[in-house]
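Enquirer:
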Amino acid sequence: MTWTLIILLAVGAYAFKVTGLIILGGRSLPPIFERCLGLIPAAIITALVMKDTFTVGQDLTLDARSLGIAVAVIAAWKRAPLIVVIVLGAAVTALVRQL
Amino acid sequence: MTPWWRDPTLRPAIVACLTLSAAVGVFGVSFGVGSVAAGSTVLQTCALSLLVFTGASQFSAVSVIGAGGSIGSALGGALLLAARNGVYGLAMSRRLDGSLGRKFLAAQLTIDETTAMAVAQPTRRAQQVAFWVTGVALYACWNLGTLIGALAGSAIDPKTFGLDVAFPAGFVAMVWPLFSDQRARLAALIGGAVCLLTVPFTPIGVPILLSVLGVLVGLQRPVSAPNSEVIQ
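Order-wise, the sequence lines are chains A and B.
Under my numbering, the first residue of the first sequence carries the number 112, and numbering increases by one thereafter.
Under my numbering, the first residue of the second sequence carries the number 552, and numbering increases by one thereafter.
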């Protein structure tokens, strides 16, 4: 992590917030634009899960993390609270590493 | 007029806002732990929560840098995730009153949770109360949680406790409710597949940027009959 990234990200993230709330104000965007923006979290967050679970650097791998995340997915599917999902995922991963 | 904190009609909303903020504080702890586990200092971790204050972007940036990605790819992915706060700003601009200075403060608090709590309220007054109560409480809880997590994370070896999985497990919990929408499921499927398929061939961090291709699902108009394309 570098301070350059932190500052750029802070400025960029705040710029988006100000653009919507103050600069564009009450105007509305074309529906197609709002639809695509609304789908960004689903696409990127899923990609982050894949990266953090199945990759090390540029290699695809299957290790203890895969089982931990599989349990986290089941917990999320059963509507477990956030903290339960995280603790279960971490605990299973740690246990598998002990084996 | 009854002050907002004594208005019985606002009480359920205020309790809901505070409960949500406390839950997000727990998530802040996992951000703090994961961030130091990925190589950030305690000070950098706290600066991210204080200044950036939009969870998914913070997690994304730290996760890409921790894996060895460049500043550019970490920034790109994180800013793509931050773009939706602009849309929330549009929604909130119709609901918030006050001076320009107050709006610049409100802008920093315009994120998933504050917008969701505000738009769920029936009256304009309740919407504003929900926005500010959630915003202030959540900012405090998120940053306190981050600090606790960063300090705890520096004191232990995160891998022993499986804490390197805190991020993806948190992401799973974050993304799961979105999957009630069919388009979001398709966008996620494409995003996840593009990421895994491009990991071996592109620099670290770039697959996260490419996964945004999943949003192209939104180019198509919503269809009432799910199989209409096939029928045509």
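Even for Gly, the Cβ is constructed at its ideal location relative to N, Cα and C.
For residue 592 (chain B) and residue 709 (chain B), I'd like the C-alpha separation in whole angstroms.
Expert: Cα to Cα, the separation comes out at about 14 Å.
Enquirer: Hey, residue 706 (chain B) and residue 116 (chain A): beta-carbon distance below 8 Å or not?
Expert: Not closer than 8 Å, so no.
Enquirer: Kindly give me the distance between the Cβ atoms of residue 697 (chain B) and residue 597 (chain B), rounded to whole angstroms, as I take these residues to be in contact under 8 Å.
Expert: So it is a contact: roughly 6 Å between Cβ atoms.
Enquirer: At 9 Å on the CB atoms, spell out the chain A contacts of residue 700 (chain B), in chain order.
Expert: Near residue 700 (chain B) there are no residues of chain A at all, since even the closest Cβ is about 11 Å away, more than 9 Å.
Enquirer: Kindly identify the DSSP beta-bridge partner or partners of residue 167 (chain A).
Expert: Paired residue(s): A:170.
Enquirer: To the nearest angstrom, how far is it from the Cα of residue 735 (chain B) to the Cα of residue 701 (chain B)?
Expert: Taking the straight line from one Cα to the other gives about 32 Å.
Enquirer: If I measure Cβ to Cβ from residue 555 (chain B) and keep anything under 6 Å in the same chain, skipping five residues before and after, which residues do I get?
Expert: For residue 555 (chain B), where only same-chain residues beyond five positions count, the Cβ hits under 6 Å are 561, 680.
Enquirer: Applying the criterion that 16 or more other CB atoms from any shown protein chain within 10 Å of the CB defines a buried residue, is residue 160 (chain A) buried or exposed?
Expert: Residue 160 (chain A) comes out buried.
Enquirer: To which residues of the same chain is residue 204 (chain A) closer than 6 Å at the C-beta, ignoring the five residues directly before and after it?
Expert: Cβ within range, chain order: 175, 176, 179.
Enquirer: Looking at C-beta atoms only, is the number of pairs between the segment 598 to 612 of chain B and the segment 629 to 641 of chain B that lie closer than 8 Å three or more?
Expert: Yes, they touch.
Enquirer: Give the single residue among A:187, A:169, A:163, A:170 whose Cα lies nearest to the Cα of residue 788 (chain B).
Expert: No statement about residue 788 (chain B) is possible, as the shown extent of chain B runs from 552 to 783 and does not include it.
Enquirer: So is residue 152 (chain A) in contact with chain B if we call contact Cβ pairs under 8 Å?
Expert: Yes, contact with chain B.
Enquirer: Can you tell me where the alpha helix (DSSP H) with residue 572 (chain B) in it begins and where it stops?
Expert: Counting along the chain, the alpha helix (DSSP H) containing residue 572 (chain B) begins and ends at 562 to 588.
Enquirer: At the level of alpha carbons, what is the spacing between residue 763 (chain B) and residue 613 (chain B)?
Expert: Cα to Cα, the separation comes out at about 18 Å.
Enquirer: For residue 570 (chain B), go through chain A and note every residue whose CB falls closer than 7 Å to its CB, in chain order.
Expert: In chain order: nothing, as chain A lies at least about 11 Å away.
Enquirer: Taking only beta carbons into account, state which residues of the segment 161 to 177 of chain A come closer than 9 Å to chain B, listed in chain order.
Expert: Those would be 161, 162, 163, 164, 165, 166, 167, 168, 169, 170, 171, 175, 176, in chain order.
Enquirer: I need the straight-line Cα distance from residue 783 (chain B) to residue 768 (chain B), nearest angstrom please.
Expert: Legend: pLDDT at residue 783 (chain B) = 31, less than 50; position of this residue unreliable, no value from coordinates given.
Enquirer: On the three-state DSSP scale, how would you describe residue 752 (chain B)?
Expert: Residue state, collapsed to three classes: coil.
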